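Undergrad: Per my numbering: the sequence shown = residues 1 to 80.
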Amino acid sequence: MGIIIYIIFGALVGWVASEVMNTNGGFIWDIIVGITGAFIGGIIMNIFGQSGVYGFNFYSFLVALLGACILIVLMRRIRG
Numbered sequence: 001m002g003i004i005i006y007i008i009f010g011a012l013v014g015w016v017a018s019e020v021m022n023t024n025g026g027f028i029w030d031i032i033v034g035i036t037g038a039f040i041g042g043i044i045m046n047i048f049g050q051s052g053v054y055g056f057n058f059y060s061f062l063v064a065l066l067g068a069c070i071l072i073v074l075m076r077r078i079r080g
């Protein structure tokens, strides 16, 4: 995927994760959470022997969403 697709995918995943977790950090925050969440979700899925994010599809969206929600929970714990 090209960098533009990563940004669009990250923005979409980050926005959905922000809505699910009831946070509001803005557009740039959503992109960062979405891209980082895809990375975290991919690592978690690889630990369980599954494939991570490998394209712009529903499975990759769910993996990235899982990672983004975990990232938001961790950020809440760190911030207090």
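Glycine included, every Cβ here is placed at the ideal spot set by N, Cα and C.
A quick note: this is a predicted structure, and the numbers were derived from the prediction, not measured.
With a threshold of 8 Å on Cβ separation, who are the neighbours of ASN46 within its own chain once the five nearest residues in sequence on each side are excluded?
TA: GLY52
Undergrad: Could you compute how far the alpha carbon of ARG79 sits from the alpha carbon of ASN57?
TA: 32 Å
Undergrad: If you draw a straight line from the alpha carbon of ILE76 to that of ILE44, how long is it in whole angstroms?
TA: Contrary to the premise, residue 76 reads as Arg rather than Ile in this sequence. In a straight line, the C-alpha of ARG76 is about 20 Å away from that of ILE44.
Undergrad: Note the first and the last residue of the continuous alpha helix (DSSP H) segment covering THR36.
TA: 27–47
Undergrad: So, using beta-carbon positions, are VAL13 and GLY37 closer together than 8 Å?
TA: yes
Undergrad: Which of the three DSSP states is assigned to PHE56 in this structure?
TA: coil
Undergrad: Count the other CB atoms, across all protein chains shown, that sit within 10 Å of the CB of PHE61; report buried if there are 16 or more and exposed otherwise.
TA: buried
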